[in-house]
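To convert, take the position in the sequence shown, counting from 1, and add 3; that gives this note's numbering.
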Amino acid sequence: MSAAPHFFSTPFRYIRYASHQYPAYFWSIVVGVAGPASFFYAPPIRRAFGDNINPKPIPLTYPVPKGPRNIPTGFDDE
4 MSAAPHFFST PFRYIRYASH QYPAYFWSIV VGVAGPASFF YAPPIRRAFG
54 DNINPKPIPL TYPVPKGPRN IPTGFDDE
């Protein structure tokens, strides 16, 4: 009778065993670790692909045109 490999004695063998026997747990841990780790490696990758890290600020006011207001015609309900 063989026992499952133990993590601390052979970590890579245990990871391979866990990925085959418990794929949902294995990939949940992989995705869970990748999220916080992306905080460090995502900005350099985005910068390498030309993404602007500091975009222009969003305007908070609507630009008011100068001069008289043109009233639209042809949409009256009369």
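A virtual CB, placed ideally from N, CA and C, is assigned to each residue, including glycine. From a predicted model like this one, the values you see are computed outputs, not experimental measurements.
- Task: In angstroms with no decimal places, state the Cα-to-Cα distance between PRO36 and ARG19.
- Result: Taking the first residue of the sequence shown as position 1, residue 36 is located at position 33. Taking the first residue of the sequence shown as position 1, residue 19 is located at position 16. Here residue 36 turns out to be Val, not Pro, going by the sequence shown. Each residue's alpha carbon lies about 17 Å from the other.
- Any idea what DSSP makes of PRO39, helix, strand or coil? Reading the sequence shown from its first residue, position 36 is the one you call residue 39. PRO39 falls in the helix class under three-state DSSP.
- 8 Å CB neighbourhood of MET4 in its chain, flanking five on each side removed: Walking along the sequence shown from the start, residue 4 turns up at place 1. The predicted model places MET4 with a pLDDT of 48, which falls under 50 and marks its position as unreliable; any figure quoted below should be read in that light. Around MET4: no qualifying Cβ.
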